[in-house]
Structures are given as structure tokens and as C-alpha cells.
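Input: a single structure, listed below in C-alpha cells.
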Amino acid sequence: MASSAQMLTVPSPDGDRDVRISSPDREIWPGITKWDLASYVAAVGEPMLRALGDRPVTLQRFPQGVGGEEFFSKNPPRGVPDYTRTVMCTYPSGRKHPQLVVDEIATAVWAVQMNTITFHPWPVRTANTDNPDELRIDLDPQPGRTFADIVTAAQALGDLLREIGITPWVKTSGSRGLHVYARIAPEHEFLDVRHGVIAIARELERRLPELVTTAWWKEERGEKIFVDFNQANRDRTIASAYSPRPLEGAPVSMPVRWEDLESIAIEDFTVRTVPGLLDDQGDAWAGLDDAVGDLGPALRMWEQDVASGLGEMPFPPEYPKMPGEPPRVQPSKKVAEHWDERGNRVEE
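Number 280 in the numbering used here belongs to position 273 of the sequence shown; there are no gaps in the numbering.
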């Protein structure tokens, strides 16, 4: 029989709030309960809000724990507390729906009560949901790459961003990869930000051609590290800083300092360990909001690539066909004589 509900008290701008946690003893991961997860979110609440606050958030929910089915909640779950707000967002299809905004710790804890494990914030603020203020670059290692390889790619990416006047911040993905973030002025729409990320990714590929790839199709990546430029699209999100991941061991997507990157072990960052690490070391991303960069140099890189014959890259399959996009045809399924050297279909 499920245990009775318990109340978890957390601070808020209006004083303490009591958040009801039902079935607190239900295991989310082996040996880690729903109460443990709620307590974790409360413990890391302040730095976690730096990643979530004032942003639309998609919730990745697991009603039966990590071993059961999962689903993503874009619309807010029923029963949203009266201290919680929502914001309307426009999706690639043109449809609009409200999304949850996590402005205080109690909302994040309530999301755990609604079986959320991973929080996926948009890279925009609620005042302007069309212009990102956050640059996100996902380094996705293909099988065969070591964590040391990923660190090498991340360090080179950090150097590249600094060269164009953008201050980079790095975190573990909570899985095998690394995420590099930066604050940018919210002056450009999603497509422009995507183009800036593509230009940065291409330059990184030029610098590390044996290690890094921008190939969208998996069959073309080999054992390289994929720079996932499509994470810069509208309605594509990445697990937030300090967000747990639904993987073995209850890992956390953990911000780290650049100088520590070579010495970390990603398995050390878990729901059990991260609150203590924060107490000992502080938040590695504490200065993130104060370092706002300009996307302009990256967009000039994009324009140079276009002038040299490099253009748009493939979009994910669920997106509408975009202007200038190459055909969404898996390379191994193309009939060679139907395509030119630039990947464009030859009309018969």
C-alpha cells in the first residue's frame, strides 16, 4: 500500500510554502524515492532557478519511476498552484499553447509531485518568447569516443566562443556528453540563433576534423562528436542545469568550472551528491547572467559560409520544410544519379 502524503516546506518570495508530496516512499530510481527527489530539488532550488526562472518549461514525467513509461508535458499539468504562472508559446507548426513557468522553488517541487524528473526550459524569457537569450551547444559523442575526447572538443569550443566575444559556460549533460551555454542579447529570432550555432559548429569541425562532425545523419558521423545544431530550433530543449536525468544512478546535469573539466568524473554528480558539492564548492554558473554576449560575430561567420557555398542544414523531421533546406533523405537511400554534388535533387 502506498504511504500517506507528506508536506515539504520550501522558501518562497511570499514566505514558506508547504508542498504536498503523495506516495513519498515510491521509488523513482532504485533506492531513491519521490521524497528524496523532491528534497533534492528543494536543496538545489536557488541555482536551479537561475536555469529555469522566467522561462517556459517542458516537464519530462515518469509516473512509475525511471523503469516505467514517460511523457513530456508542454501544457501545464492539471492543478497548477495559484502561485504559479504560465506563458503562451508558439510552436514550429504555428500553434500556440501555454507552458509552465518555474519562478520559485515550490513550483519545481510541485512538478516533482506531478512525477517530473527532468526539467527542459526554453532558451527564452517570458517577456519575449520569440528571441532566445541563451546560446546552447550540445556536444553529443558517438559510440567509441571517450570523455577525454569530449573535454577536448568542449575546450576548443570554449576558445572559439571567447574569440568571438561570447563567454562560455559548461555543464555535464547528465549522460555522456557536455553542454556549452552562453547568455546572448535577445535580439535575434530562433532561425538566426540556429544559423549562428551552425556557423560555430562548422568552424569547430574545421579545427578538429578528426574529432568533431556536423553531419545530421547518424550514418555519416562515424565515431565523432556531433555538434547538435538542431537543439537551437524553436521548441527544442535541453535538460536544465541541476536537472536530474532518468538514467541509472540518478545522474544530474551539473555545471562545472572550466579549470575543473579535465579532472571531473561525470558519475560523481547525482541526486545524492550534488547538494553537498554545492555547499562545498558553490554554483559554477553563478555569474552566467552577468556575461551577456553578442551573436553578431557568429552571424557574420554564417554569412561567410553562405557566400562560400555552404547553406542551410537539415531540420528535424517534425518541422515544416524550411527555405533553402537540403532534402531530408537519408544519404544511403539516395539514388546517386538523382542528386548533384551539393545534395540537391536533379529534376528529370
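Quick reminder that beta carbons are idealized off the backbone N, C-alpha and C, glycines included.
Since we're looking at a predicted model, the values are computed, not measured.
- Counting only the Cα atoms, M308 lies some 16 Å from G165.
- A straight-line Cα-Cα distance of about 16 Å links L15 and D21.
- Of the candidates R241, G289 and S339, the residue whose Cα lies closest to the Cα of K103 is R241.
- G300 is bridged by DSSP to I191.
- In the three-state scheme derived from DSSP, where H, G and I count as helix and E and B as strand, V87 is classed as coil.
- In terms of Cα proximity to D296, the closest of T174, I232 and W265 is T174.
- Considering only L66, T220, G38 and Y90, the residue with the shortest C-alpha distance to S19 is Y90.
- Here the C-alpha atom of K178 lies approximately 13 Å from the C-alpha atom of D147.
- For P327, the number of other beta carbons within 10 angstroms of its own is below 16, and it is reported as exposed.
- Secondary structure of N138 (DSSP, three-state): coil.
- For R24, the number of other beta carbons within 10 angstroms of its own is at least 16, and it is reported as buried.
- If one requires a minimum length of 3 residues, the beta strand (DSSP E) runs lying completely within the stretch 101–162 are 103–108, 123–128 and 141–148, in chain order.
- Looking at the DSSP output, I39 shares a beta bridge with W36.
- Membership of I207 in the alpha helix (DSSP H) is indicated by the continuous run F197 to R214.
- Contact annotation, S11 with F126: C-beta distance approximately 27 Å; criterion of less than 8 Å not satisfied.
- For M14, the beta-bridge partners assigned by DSSP are R27.
- Bridge partners of F79 according to DSSP: Q67.
- When rounded, the separation of the alpha-carbon atoms in D312 and E111 is 43 Å.
- Between A50 and G203, the CB-CB gap reaches or exceeds 7 Å.
- Going by C-alpha positions, S315 is about 23 Å away from R228.
- Judged by their CB atoms, A115 and L66 are not nearer to each other than the 7 Å cut-off.
- Contact between the stretch 127–140 and the stretch 59–73 is present, with at least three C-beta pairs closer than 8 Å.
- Three or more Cβ pairs drawn from the stretch 246–263 and the stretch 42–56 lie within less than 8 Å of each other, which places the two stretches in contact.
- In this structure, E226 lies away from N138, with their beta-carbon atoms at least 7 Å apart.
- According to DSSP, F233 shares a beta bridge with D147 and T220.
- In the three-state DSSP reduction, P262 falls in the strand class (E or B).
- Across the structure, V131 and L198 are spaced so that their CA atoms are roughly 13 Å apart.
- For P84, the CB contacts under 6 Å within the same chain, skipping 5 residues up- and downstream, are M121 in chain order.
- Note that the C-beta distance between V219 and A160 is below 7 Å.
- In the DSSP assignment, the residues bridged to P251 are V259.
- For V281, the enclosing alpha helix (DSSP H) covers residues V281 to Q288.
- W309 sits in a helix when the DSSP states are folded into three classes.
- Judged by their CB atoms, F276 and V299 are not nearer to each other than the 7 Å cut-off.
- Within the same chain, Cβ atoms closer than 6 Å to the Cβ of F233 are found at D147 and T220, the five residues on either side in sequence being excluded.
- Here DSSP, grouped into helix, strand and coil, assigns K178 to strand.
- One Cα belongs to L211, the other to A163, and the distance between them is close to 7 Å.
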